[in-house]
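Okay, so the sequence shown: first residue is 240 according to this note's numbering, each after it adds one.
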Amino acid sequence: MNRTDRLYALVEELRAVSPRPRSARWLAARFEVSTRTIERDIAALQAGGVPIWAEPGRTGGYVVDRARTLPPVNLTAGETVAMALALHRLGGTPFAAAGASALRKLLAVLPAADAAEAHRLAGRVHLVGGGPATPVPAAVADAVTARRVLRLRYADRAGTDSVREVEPLGYLGNPTHWYLLAWCRLRDALRCFRTDRILAVTPLPEPVTRRWRPADLDIPTERVRSLSLL
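This is the structure:
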């Protein structure tokens with residue numbers, strides 16, 4: 240194992256057992272180097288900003304702050320391109336900007352050789368057409384995240400304009416369009432507003448306190464799936 244790999248592995252070893260310590264002797268045996276080498280490696284990591292400290296005592300050793308460190312990103316070229324493709328499909332959704340930012344962060348932490356291989360593979364992937372055409376106004380996305388009331392100017396399917404205050408509750412999405420799910424104060428009911436028909440948005444300071452359940456929608460529950468991060 241070269242030194243760079245060992246430094247990464249040291250941090251991961253300490254993260255795995257944090258907040259319990261690992262002694263220099265234990266780490267030296269684990270990585271088959273001398274305790275002096277481990278001490279130099281720890282000093283290098285500390286100089287680089289990794290939050291590692293030494294706990295004194297017979298049962299002491301080195302501890303890393305798990306909350307302030309992240310494991311290294313070790314993705315194959317295929318995994319990287321799969322994530323890029325998934326994030327590309329966010330175009331036109333409320334999460335397009337966040338997806339682009341996530342992709343930049345992912346590419347920034349990949350080792351140079353892995354990034355180059357991923358770029359080569361991505362160059363062999365070709366997409367026909369664009370993503371969903373439905374734009375989502377930034378103010379709408381911000382209001383859903385911050386749970387703030389909005390004043391909308393909205394055109395219905397017949398093209399008739401109306402101005403109404405709504406309490407944003409979430410989104411409904413399908414392959415073609417995105418909808419703002421909100422409590423409409425004008426109609427005193429739950430409504431879905433197609434985002435490409437929202438003509439103007441004014442954020443209001445009032446917080447949203449209302450909650451909803453999928454059962455509140457006039458849609459068969461078997462057709463509605465909540466997004467999961469698992």
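In this text, a Cβ means the ideal position worked out from N, Cα and C, and glycines have one as well.
Model, not experiment: these values are computed from the prediction.
Exposure of residue i, with buried meaning 16 or more beta-carbon neighbours within 10 Å
i	result
residue 299	exposed
residue 439	exposed
residue 261	buried
residue 434	buried
residue 380	buried
residue 333	buried
residue 406	buried
residue 242	exposed
residue 331	buried
residue 250	buried
residue 447	buried
residue 280	buried
Residue i versus residue j - alpha carbon distance
i	j	result
residue 292	residue 314	29 Å
residue 345	residue 336	14 Å
residue 476	residue 386	Since the displayed the chain opens at 240 and closes at 469, residue 476 lies outside it and no answer follows.
residue 240	residue 274	16 Å
residue 319	residue 352	13 Å
residue 255	residue 348	21 Å
residue 361	residue 445	45 Å
residue 457	residue 428	11 Å
residue 216	residue 425	Absent from the structure is residue 216, since the part of the chain shown begins at 240 and ends at 469.
residue 358	residue 316	8 Å
residue 469	residue 322	In this prediction, residue 469 scores a pLDDT of 45, lower than 50, which makes its location untrustworthy; the coordinate-derived value is nonetheless stated afterwards. Going from the Cα of residue 469 to the Cα of residue 322 covers about 15 Å.
residue 411	residue 245	47 Å
residue 474	residue 304	As shown, the chain starts at 240 and ends at 469. That puts residue 474 outside it, with no answer to give.
residue 432	residue 414	16 Å
residue 290	residue 265	20 Å
residue 247	residue 356	21 Å
residue 396	residue 451	25 Å
residue 296	residue 267	18 Å
residue 271	residue 419	58 Å
residue 364	residue 464	29 Å
residue 430	residue 455	10 Å
residue 462	residue 403	28 Å
residue 288	residue 384	32 Å
residue 263	residue 306	22 Å
Assumed close pair residue i, residue j - CB separation to whole angstroms, cut-off 8 Å
i	j	result
residue 408	residue 417	Not confirmed; about 14 Å, so no contact.
residue 442	residue 394	So it is not a contact: roughly 20 Å between Cβ atoms.
residue 269	residue 252	7 Å
residue 302	residue 258	6 Å
residue 382	residue 391	About 10 Å separates the two Cβ atoms, so there is no contact after all.
residue 376	residue 277	Incorrect: roughly 54 Å between the Cβ atoms, too far for contact.
Short CB-CB distance (under 7 Å) between residue i and chain C
i	result
residue 454	Protein chain content of the structure displayed is limited to a single chain, and chain C is not contained in it.
beta-carbon residue i near the ligand MN non-hydrogen atom, thresh 6 Å
i	result
residue 393	Because no ligand of any kind appears in the structure shown, any question about the ligand MN cannot be addressed here.
Enumerated in chain order, which unbroken segments of the alpha helix (DSSP H) with a length of 4 residues or greater are wholly contained in the region 365 to 422? 377 to 385
Minimum length 3: unbroken beta strand (DSSP E) runs contained in the region 256 to 329: 291 to 294 and 300 to 303
Cβ contact check for the region 324 to 341 and the region 279 to 293: 3 or more pairs under 8 Å: no
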